[in-house]
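Novice:
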Amino acid sequence: MQQLRDQLQVFKTNLEEFARKYRKDIRKNPMFRARFQKMCSNIGVDPLASNKGFWAEFLGVGDFYYELGVQIIEICLSTRGRNGGLVDLDELKRQLVKMRGGNNSGISGSNSSQEISDDDIIRSIKTLKPLGNGFEILQIGDRKMVRRKVTSLKI
Amino acid sequence: MIKCEMCEADLRSFDVNNLDFENDAETSKNFKPTVKSDFVRLAFRDGGSNAFYEKLKSAMAAKEWEKVHETSNIKVTSDFDPGLGGLVGIIRNAEQSQKEQKETLNQAFKDLDGLMANTSEMVKLAESIRNKLSKELDSGTSTDETSAFRTYLIELGIPNPVTKDSAGSTYHKELARQLAEFLDNFLEKEKGMMSLTDIYCLFNRARGVALISPEDLYKACSQFEHLNLPMRLRKFSSGLMVVESVHHSDEQIAQRILHHIKTKGPLTAIELASLDKMSVVLVNEQLQMVEEKGLICKDESVEGVRFYDNLIINFRWERNN
Chain A
4 MQQLRDQLQV FKTNLEEFAR KYRKDIRKNP MFRARFQKMC SNIGVDPLAS
54 NKGFWAEFLG VGDFYYELGV QIIEICLSTR GRNGGLVDLD ELKRQLVKMR
104 GGNNSGISGS NSSQEISDDD IIRSIKTLKP LGNGFEILQI GDRKMVRRKV
154 TSLKI
Chain B
56 MIKCEMCEAD LRSFDVNNLD FENDAETSKN FKPTVKSDFV RLAFRDGGSN
106 AFYEKLKSAM AAKEWEKVHE TSNIKVTSDF DPGLGGLVGI IRNAEQSQKE
156 QKETLNQAFK DLDGLMANTS EMVKLAESIR NKLSKELDSG TSTDETSAFR
206 TYLIELGIPN PVTKDSAGST YHKELARQLA EFLDNFLEKE KGMMSLTDIY
256 CLFNRARGVA LISPEDLYKA CSQFEHLNLP MRLRKFSSGL MVVESVHHSD
306 EQIAQRILHH IKTKGPLTAI ELASLDKMSV VLVNEQLQMV EEKGLICKDE
356 SVEGVRFYDN LIINFRWERN N
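Next comes the structure, spelled out in structure tokens:
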């Protein structure tokens, strides 16, 4: 147990070092983010699982994806009247960019020069699973759609 | 020390043995004019004269004082050189910055790989400890060690399946308390029930920074009962999850819906939702629940689904004799 504690300390320092250099890049560069996520899942670590995690604290990955999640929910909600709860991934991305680019005073004052990749969106949606709201990604032909589960009662 | 020990030279104004070798200008400045010499004498009391001589030789060979002028000349002329300016210059700049970006990215990837190697070690260690402690963890007893260990797992991001144990980590307990306070205002307005998705959005927006993850939210809400907070996490059969206030019972909801139907006639889910200003998803769940209680009836037609007051259950046969 003590060994774990010591190793954790070493790990923390390493992570701090890494974060110092690359925190901004994580926010700005979607390729970097994607690779980071892939490596984490290879090891079996989920950096988005909790806000208290090291990853969120030092690298700010958490905030990025949670905020994206909130925005995705909002967009799906607002377009539901138009498309019945089924949103094309490209359309969603377009709306997101509009929301983030034109709005400089977003949740965390995010700057407008951020790129969102498809991978970011898919990961955000996966992270939203515990809320039980039925967001899922369907593949229809060659287009990916985001579906919000509507309950079984027919309206 | 007024005279140098080695050569008996006069040392009136300053201590040569403590000279800062790199700084010739400094030396000549400090040299008081009373001594009247054009040279600086350096005494190497502890050796190192060879190294100094080498450095001095290379510095003299490099002729930095002449070079400065050369480069500044080039800069001036490049502005007038049409070959470097204009489109070619712009393209070259773009290529240059792209190359730099790629290099930093490669460097970043290398660092990332190093970090990941570190992480995987940690994970293996944590897993092995978890296996050893698994009996304790599952039984729900929380010693200091186990709750500290749970915190570590969360910090690393290792998925820790929410077992039936009621002892969550302290972080989630704190979060649960915050949530309860926050939701107190809203639950009344929303008729005592809010979907987890809505709560997630509202809470994070209110927070601004340091957002919480959906998983955090879920775990915190599961702690409500354990902490005796006046709300509960509830999962409907369709998978929808809500937080509802304890004060609010199903009975109240049923009565409210029944009242609407009795006064306004048969309603669809959408109409009911707009009456109550609630989300349709929630209303659907409530309607289903009330229907199961037997207080309303459902009519499915091509027009949609409409809910009626359940007259059948209260019907009394009147014999017409």
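Sequences listed follow chains A and B, in order. One point on numbering: in our numbering, the residue at position 44 of the first sequence is 47, and numbering is uninterrupted. One point on numbering: in our numbering, the residue at position 228 of the second sequence is 283, and numbering is uninterrupted. Ideal Cβ positions, reconstructed from N, Cα and C, are used throughout, including at glycine. None of the values given here were measured: they were computed from a predicted structure.
1) Let me know if Phe-370 (chain B) comes out buried or exposed under the rule of 16 or more other beta-carbons within 10 Å of its beta-carbon.
2) One question on the structure: do Ile-78 (chain A) and Met-102 (chain A) come within less than 8 Å of each other, judged by their Cβ atoms?
3) Alpha carbon to alpha carbon, what distance is there between Val-143 (chain B) and Thr-82 (chain A)?
4) Is there at least one Cβ from chain A nearer than 8 Å to Asp-354 (chain B)'s Cβ?
5) Of all the residues that make up the stretch 259-276 of chain B, which are near chain A by a beta-carbon distance shorter than 9 Å?
6) Check the Cβ of Thr-290 (chain B) against every Cβ in chain A and list those closer than 8 Å, keeping chain order.
7) By the three-class DSSP mapping on this structure, what secondary structure does Ser-113 (chain A) have?
8) Is the Cβ of Ala-163 (chain B) closer than 8 Å to any Cβ of chain A?
9) Between the alpha carbons of Leu-337 (chain B) and Asn-186 (chain B), how many angstroms are there, rounded?
10) Pull up the distance between the alpha-carbon of Leu-62 (chain A) and that of Glu-340 (chain B), whole angstroms please.
11) Along the beta strand (DSSP E) that carries Leu-288 (chain B), what are the first and last residues, could you check?
12) Classify Glu-358 (chain B) as helix, strand or coil using the three-state DSSP reduction.
13) Who are the neighbours of Asn-173 (chain B) on chain A, taking C-beta pairs under 7 Å?
14) Pull up the CB-CB distance for Gly-72 (chain A) and Leu-131 (chain A), whole angstroms please, since I reckon it's below 8 Å.
15) Run down chain B in chain order and give the residues with a C-beta less than 8 Å from the C-beta of Lys-24 (chain A).
16) Closest Cβ-Cβ distance between Tyr-363 (chain B) and chain A: below 8 Å?
17) Count the other CB atoms within 10 Å of the CB of Val-149 (chain A); is the residue buried (16 or more) or exposed (fewer)?
18) How is Met-248 (chain B) classed by DSSP in three states: helix, strand or coil?
19) What does the Cβ neighbour count give for Val-357 (chain B), buried or exposed, with the cut at 16 atoms within 10 Å?
20) Counting only the same chain and skipping the five closest in sequence on each side, list residues whose C-beta sits under 6 Å from that of His-227 (chain B).
21) Do Val-298 (chain B) and Leu-230 (chain B) count as a contact pair if the criterion is CB distance below 8 Å?
22) Is Leu-95 (chain A) close to chain B? Criterion is C-beta to C-beta, closer than 8 Å.
23) Quick one: grab the DSSP three-state call for Leu-89 (chain A).
24) Listing by chain order, which chain B residues have their CB less than 9 Å from the CB of Gln-98 (chain A)?
Specialist: Checking against the coordinates, here is how it stands:
1) To locate residue 370 (chain B), count along the second sequence from 1; it is residue 315. Residue burial annotation: Phe-370 (chain B) is exposed, with fewer than 16 other C-beta atoms found within 10 angstroms of its C-beta.
2) Looking up residue 78 (chain A) in the first sequence gives position 75. Looking up residue 102 (chain A) in the first sequence gives position 99. Going by C-beta atoms, Ile-78 (chain A) is nearer than 8 Å to Met-102 (chain A).
3) As a first step, residue 82 (chain A) must be located in the first sequence, where it is residue number 79. As a first step, residue 143 (chain B) must be located in the second sequence, where it is residue number 88. Their backbone Cα atoms lie some 46 Å apart in a straight line.
4) Here residue 354 (chain B) is taken as the residue at index 299 of the second sequence, counted from 1. Judged by the 8 Å Cβ criterion, Asp-354 (chain B) is not in contact with chain A.
5) Here the close residues are Asn-259, Arg-260, Arg-262, Gly-263, Val-264, Ala-265, Leu-266, Ile-267, Ser-268, Pro-269, Glu-270, Asp-271, Leu-272, Tyr-273 and Lys-274.
6) Locating residue 290 (chain B) in the second sequence gives position 235, where the first residue counts as 1. The residue you asked about is not Thr; residue 290 (chain B) is Lys in the sequence shown. Those are Gly-135, listed as they occur along chain A.
7) The residue given as residue 113 (chain A) occupies position 110 in the first sequence. Unreliable positioning characterises Ser-113 (chain A) in this predicted model, as indicated by a pLDDT of 44, which lies under 50. A coordinate reading is not provided.
8) Stepping through the second sequence from its first residue, residue 163 (chain B) is reached at position 108. The beta carbon of Ala-163 (chain B) sits closer than 8 Å to some beta carbon of chain A.
9) Against the second sequence, residue 337 (chain B) aligns to sequence position 282. Against the second sequence, residue 186 (chain B) aligns to sequence position 131. Computed Cα separation, rounded: 41 Å.
10) Here the question's residue 62 (chain A) lines up with position 59 in the first sequence. Here the question's residue 340 (chain B) lines up with position 285 in the second sequence. So the two alpha carbons sit approximately 40 Å from each other.
11) Counted from its first residue, the second sequence places residue 288 (chain B) at position 233. Looking at the DSSP string, the run of the beta strand (DSSP E) that includes Leu-288 (chain B) is 286-290.
12) Reading the second sequence from its first residue, position 303 is the one you call residue 358 (chain B). Secondary structure of Glu-358 (chain B) (DSSP, three-state): coil.
13) Taking the second sequence and counting its residues from 1, one reaches residue 173 (chain B) at position 118. At a C-beta separation below 7 Å, Asn-173 (chain B) has these neighbours in chain A: Phe-14 and Asn-17.
14) Residue 72 (chain A) sits at position 69 when you count from the first residue of the first sequence. Residue 131 (chain A) sits at position 128 when you count from the first residue of the first sequence. Contact holds; Cβ gap of about 5 Å.
15) Locating residue 24 (chain A) in the first sequence gives position 21, counting from the first residue. Those within 8 Å of Lys-24 (chain A) in chain B are Ala-163 and Asp-166.
16) Position 308 of the second sequence, counting from 1, holds the residue named residue 363 (chain B). Cβ-Cβ to chain A under 8 Å: no for Tyr-363 (chain B).
17) Residue mapping note: residue 149 (chain A) aligns to position 146 of the first sequence, counting from 1. Under this definition Val-149 (chain A) is a buried residue.
18) By 1-based counting over the second sequence, the position of residue 248 (chain B) is 193. Per DSSP, reduced to three states, the secondary structure at Met-248 (chain B) is strand.
19) Counted from its first residue, the second sequence places residue 357 (chain B) at position 302. When all chains shown are included, Val-357 (chain B) counts as exposed.
20) For the purposes of this step, residue 227 (chain B) is taken as the residue at position 172 of the second sequence. So the list reads Lys-274, Ala-275 and Gln-278, once near-sequence residues are dropped.
21) The residue labelled residue 230 (chain B) in the question sits at position 175 within the second sequence. The residue labelled residue 298 (chain B) in the question sits at position 243 within the second sequence. No, these two residues do not count as a Cβ contact at 8 Å.
22) Here residue 95 (chain A) refers to the residue found at position 92 of the first sequence. Answer no: the Cβ-Cβ gap between Leu-95 (chain A) and chain B never drops below 8 Å.
23) Numbered from 1 along the first sequence, position 86 holds the residue referred to as residue 89 (chain A). In the structure shown, Leu-89 (chain A) adopts extended strand secondary structure according to DSSP, grouped into three states.
24) Position 95 of the first sequence holds residue 98 (chain A). Near Gln-98 (chain A) there are no residues of chain B at all, since even the closest Cβ is about 16 Å away, more than 9 Å.
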